[in-house]
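In the working numbering, the protein residues as written are 47 to 291. Every residue gets a Cβ at the ideal spot worked out from N, C-alpha and C, and that includes glycine. From a predicted model like this one, the values you see are computed outputs, not experimental measurements. In what follows, a single structure is set out as structure tokens and then discussed.
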Amino acid sequence: MLKSYTDDDDLLSGLPRFDQFLSGLTGKRRVLEISGERASGKTVGQDIAINSSPTTALQFLVLHLVLRYLVDTPSASVLWIDTTSDFSVSWAAEILSGLAGSEPSDALDRLQICQAFEVETVFQALDTVPTSNLSNTPSMRVVVIDTVTTLLSPLLSPMPQGHAIMTALMRQLRVVARNATVFVINDTVAVDAKQPKIRKPALGPSFTFMTDATLWLASVGDRGEDDGSTSHVVQLYRTKITVSS
47 MLKSYTDDDD
57 LLSGLPRFDQ
67 FLSGLTGKRR
77 VLEISGERAS
87 GKTVGQDIAI
97 NSSPTTALQF
107 LVLHLVLRYL
117 VDTPSASVLW
127 IDTTSDFSVS
137 WAAEILSGLA
147 GSEPSDALDR
157 LQICQAFEVE
167 TVFQALDTVP
177 TSNLSNTPSM
187 RVVVIDTVTT
197 LLSPLLSPMP
207 QGHAIMTALM
217 RQLRVVARNA
227 TVFVINDTVA
237 VDAKQPKIRK
247 PALGPSFTFM
257 TDATLWLASV
267 GDRGEDDGST
277 SHVVQLYRTK
287 ITVSS
């Protein structure tokens, strides 16, 4: 049976213990950073495994939440801004088949993919997102940027206006979030050049505080999977959100 979402509901996984972790974090008016290890494998939250296809765990986590929301909410649509040309429709269809089963679903029709390799293109795409639900078309309830690192990292060092561009983009996402949930997938950098395996979110500390919370995917090592995949745990890296118990 489909879950009946309201406008303020969180995007959830369908896994009770993991959803308890997500509760209060993934609803409307949130701008959420998703960072951590991008290796292929399984994403787990509170010891609950979600089997993924051979792709990044970051993308899988967000796409799982997005597709489940679309299956359960026929009145909603999602904008996925692909900055790396890595998005695979066939992979999304495979995840969807696991969520919808044999039940017909037009979820992929309401998942709008926009390739954007320049910041200007992202601004243009965001300008098309309505900030109210006055029309009869499916409301744009989720916006994903995959990845924000690809857009902003080349601008921050060589361009003195790079930080201003980053601030303007995050301000625009905040406007979009008045009526939507926004996910920005961010790569990692080494905390210390002498310890490259210890990672932190890219784009510097100022970017981190332009979002409401950071969900971090950390590897928990090999759990003996025959396919050679790695397991990850989802952690709350940082938050400004007060979640009521």
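Within 10 angstroms of the beta-carbon of residue 190 lie 16 or more other beta-carbons, which makes it buried. In the structure shown, residue 287 adopts coil according to DSSP, grouped into three states. Rounded to whole angstroms, the gap between the alpha carbons of residue 262 and residue 78 is 11 Å. Ranked by Cα distance from residue 60, the options 70, 114 and 244 are led by 114. Its chain contains 260 and 262 as the residues whose beta carbon lies nearer than 6 Å to that of residue 283, once the 5 sequence neighbours on both sides are disregarded; these appear in chain order. In this chain, residue 223 is not harboured by any alpha helix (DSSP H), its DSSP state being neither H nor E.
The closest CA to that of residue 166, considering only 197, 80 and 73, is found on 197. Here residue 57 carries a coil assignment [DSSP, helix/strand/coil]. In this structure the segment 151-168 lies against the segment 133-142, because at least three pairs of beta carbons, one per stretch, are closer than 8 Å. According to the DSSP assignment, residue 235 belongs to the beta strand (DSSP E) that extends over 234-238. For residue 163, the three-state secondary structure derived from DSSP is coil.
Judged by beta-carbon spacing, residue 188 lies within the 9 Å limit of residue 226, meaning their Cβ atoms are closer than that value. Taking a contact as a CB-CB distance under 8 Å, the pair residue 212 and residue 253 counts as one, their CB atoms being some 6 Å apart. Note that the C-beta distance between residue 215 and residue 171 is not below 9 Å. The beta carbon of residue 285 sits closer than 8 Å to the beta carbons of 71, 258, 259 and 260 from its chain, once the five residues preceding and following it are set aside; these are given in chain order.
Between residue 145 and the set 109, 127, 174 and 177, the nearest pair of CA atoms involves 109.
In this structure, residue 219 keeps its C-beta atom at 9 Å or more from the C-beta atom of residue 232.
Residue 265 and residue 83 have their C-alpha atoms roughly 7 Å apart.
The alpha-carbon separation between residue 102 and residue 130 amounts to approximately 13 Å.
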